Amino acid sequence: MPPQFSDLAWPDVATYRIANARVPLCFVAAPHGFTPQNNAQDREDGTALIDILIGNGRIERLAQAGTSPTDQRPSVDLNGRQVWPMLIDAHTHLDRGHTVVRSPNVSGMFKDALLATAADRPKWTHEDLLTRMDFGVRCAYAHGVSAIRTHLDSVPEQAKRSWPAFREMREQWKGRVALQAVSLLPIDFFRGEWGDQLAKLVAESGGVLGAVTRAAAASGHGAPLDDLDVLLDRLFGLAAAHDLDIDLHVDETNDPRSAALPYVARAALRHNYRDRVTCGHCCSLAVQPDDEANRTLDLLAEAGVAVITLPTVNLYLQDRGSGRTPRWRGVTLVHEMRKRGIAVAAAGDNCRDCFYAYGDHDMIDTFRQAVRILHLDHPLAEAPALVGPAPARITKLTEQGRIAVGDPARLIAFNARTLNEVVSRHQADRVVIDGRRTVARVPDYSELWDNALVSGVPA
Ligand SMILES: [Zn+2]
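Just so we're on the same page, my numbering is the position in the sequence shown counted from 1, plus 4.
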């Protein structure tokens, strides 16, 4: 019997070999020369057995297992267990995280989440933001996340507090977790001069321009969409003027009349913004008539708009009613998008706040839940792409979410040979490698219990 995972001796040096690692080929930047091994499971999983040579904390060489040159470097033999890159969480809300105790959402419903967040926001001081954001990023890093895009509530007064706190956090985590930020506020705010000021602030902060299209707006039904084109033109114009990518919250509702998505796609076409626009959620697309949904999907493909699906939070918020069993899973049309070549990533979204009461910034948890909620299985081979290469493409973060020669060796090793084993267990014993095996652990909840600012309970 091969040694147990917990008995493996990881070399505590920066130059070593990981032998007999099984990698999903969708993560390997140049998979030439690596063919799935001659067994049915590797072919089905799209995995190959390789040796990873690490030199001074970087990936020096990838080779078919057993063919790497034998030199003096120490080695750990994984016996065919899986190795993934550290992952990218491309849509989060670090600024809202871990407020669940002091500002609970009493009903768990979307409308109450909006109210509870607005009521909590005055507490978002510089110190409060830094404490909660740092707690969140430490959770993520310990779980094997190396890049996070967070939306930041950017209504006028809040933006002036949140963006400086974010910049400080980004500096603090540089080299370990790459942080990106997106502005978040109702798109109507772009009508006035705050739009100009915010675009400037976002540009100065190296961020992405974002907003929420109206939640329940449909031509001829709810709030009129007459001026959505005007507002989108304004937002796209500001983005172009400052050379900013765009990331929007779109149609996060089960109301089929909410159909802002085609408006966004047409704006991307008008403004020549191919491969620069991302839409999060897009839930209502899944409850619209097939012909309408298909037209929108074709438009997204034509416009080069990417989509991020947030399955855990959609499952929690969508179709929720007091004392009523939900009838649908809340997620957008991921299979149909991928069939059309639309870039689709899965991400975590909220964590322990009014919009989602649970979570731990763990992209493996997000991945495992995405597989189940979205049926990304049978086969599982393409599923890992949603948490590695797809979010890397959307965030334009190089050297992230992939395994490539020359990149820093940021990897996750699992006690699992097959994707089935990765999906079946929580992977609580995963080994995170940042150059060498990290000693990072998730922060203790007691840090928050004892913090009067965060708990809302005076010390
Ligand atoms: Zn969100």
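Cβ coordinates follow ideal geometry from the N, Cα and C atoms, glycine included. Fair warning: this is a prediction, and the values are worked out from it, not measured in the lab.
Taking the Cβ atom as the reference point for each residue, do residue i and residue j lie within a distance shorter than 8 Å?
i      : j      : result
Ile416 : Trp88  : yes
Ala94  : Ala349 : yes
Gly363 : Thr399 : no
Phe170 : Leu156 : yes
Ala215 : Phe240 : no
Thr147 : Asp357 : Reading off the sequence, residue 147 comes out as His, not Thr. No, the pair does not count as a contact, with Cβ atoms beyond the cut-off.
Trp177 : Val141 : yes
Phe371 : Val391 : yes
Arg21  : Arg77  : yes
Val80  : Ala23  : yes
Ser150 : Val104 : no
Ile407 : Ile58  : no
Leu205 : Trp167 : yes
Leu289 : Val338 : no
Gly242 : Ala203 : Gly is not the amino acid found at residue 242; the sequence shown has Leu there. In this structure, Ala203 lies closer than 8 Å to Leu242 by Cβ.
Ile437 : Ala420 : no
Gly284 : Leu252 : yes
Glu48  : Pro388 : no
Leu82  : Val409 : no
Gln201 : Val426 : no
Met466 : Asp99  : Here the chain has residues from 5 to 463 only, and residue 466 is not among them.
Arg238 : Gly199 : yes
Met367 : Gly352 : yes
Gly50  : Ala385 : yes
Who are the near neighbours of residue i in its chain, counting only those whose CB is closer than 6 Å to its CB and skipping five residues on each side?
i      : result
Pro266 : Thr300, Leu303
Glu131 : none
Ala310 : Thr282, Ala347, Ile398
His225 : Bear in mind that a pLDDT of 44 at His225, under 50, signals an unreliable position, so the number given afterwards is only what the model happens to contain. Arg261, listed in sequence order.
Val159 : Leu189
Ala297 : Leu289
Leu12  : Val80
Arg445 : Ala146
Val291 : Asn258, Pro260
Asp46  : Pro40
Pro6   : Asn83
His365 : Gly140, Cys143, Ala144, Cys355
Leu235 : Ile191, Phe194
Could you check how far apart the C-beta atoms of residue i and residue j are, in whole angstroms? I think they sit under 8 Å.
i      : j      : result
Arg440 : Asp16  : 6 Å
Gln431 : Ile92  : Contact flag wrong, Cβ pair sits at about 17 Å.
Cys287 : Thr329 : About 18 Å; that fails the 8 Å criterion.
His246 : Ala207 : 4 Å
Val461 : His102 : The pair is not a contact, with the Cβ atoms about 14 Å apart (cut-off 8 Å).
Asn109 : Ala120 : 5 Å
Ala18  : Gly61  : 5 Å
Glu451 : Phe9   : About 29 Å separates the two Cβ atoms, so there is no contact after all.
Ala307 : Arg278 : 7 Å
Here's a check: name, in chain order, each residue in its chain whose Cβ is nearer than 7 Å to the Cβ of residue i, leaving out the five neighbours to either side.
i      : result
Phe38  : Leu29, Val32, Ala52, Ile54, Gln68
Ala394 : Ala347, Val348, Ala349
His275 : Phe240, Ala244
Pro35  : Leu29
Leu319 : Arg333, Gly334, Ile377
Val254 : Thr217, Ala264, Leu265, Val268, Cys283, Gly284, His285, Cys286
Arg125 : Asp157, Gln162
Can you give me the Cβ contacts of residue i inside the same chain, cut-off strictly under 8 Å, excluding the 5 residues immediately before and after it?
i      : result
Leu232 : Ile191, Thr217, Arg218, Ala221, Ala264, Tyr267
Gly345 : Ala305
Pro293 : Pro260
Gly112 : Tyr320, Leu321, Arg324, Ala361
Asp249 : Val212, Leu213, Ala243, Arg280, Val281, Thr282, Lys400
Ser72  : Arg21, Ala23, Asp55, Leu57, Arg65
Margin query: Tell me which residues pass a beta-carbon proximity test against ligand 1: closer than 6 Å to any heavy atom, given in chain order.
Written below: Residues with a Cβ closer than 6 Å to any heavy atom of ligand 1, in chain order: His95, His97, His155, His253, Gly284, Asp353.
Notebook entry, point to check: Can you give, in chain order, each stretch of the alpha helix (DSSP H) that sits fully within the region 146-193 and has at least 4 residues?
Noted result: If we require 4 residues or more, the alpha helix (DSSP H) runs fully inside the region 146-193 come out as 160-177.
Item checked: alpha helix (DSSP H) runs contained entirely in the region 213-295, provided each spans 4 or more residues -> 232-245, 265-274, all fully within the region 213-295.
Check: Curious, which full-length alpha helix (DSSP H) runs of at least 4 residues does the region 334-416 contain?
Finding: Taking only runs of at least 4 residues, the alpha helix (DSSP H) segments lying wholly in the region 334-416 are 338-343, 367-378, 393-399.
Note to self: Threshold first: 4 residues or longer. Then list the alpha helix (DSSP H) segments lying entirely within the region 29-93, N to C.
What the structure shows: 44-49
Notebook entry, point to check: What are the start and end residues of each continuous alpha helix (DSSP H) run of 4 or more residues lying completely inside the region 95-138, in chain order?
Noted result: 114-124
Next item on the list: Entirely within the region 412-462 and at least 4 residues each: give me those alpha helix (DSSP H) ranges in chain order.
Entry: 423-428, 450-453, 456-459
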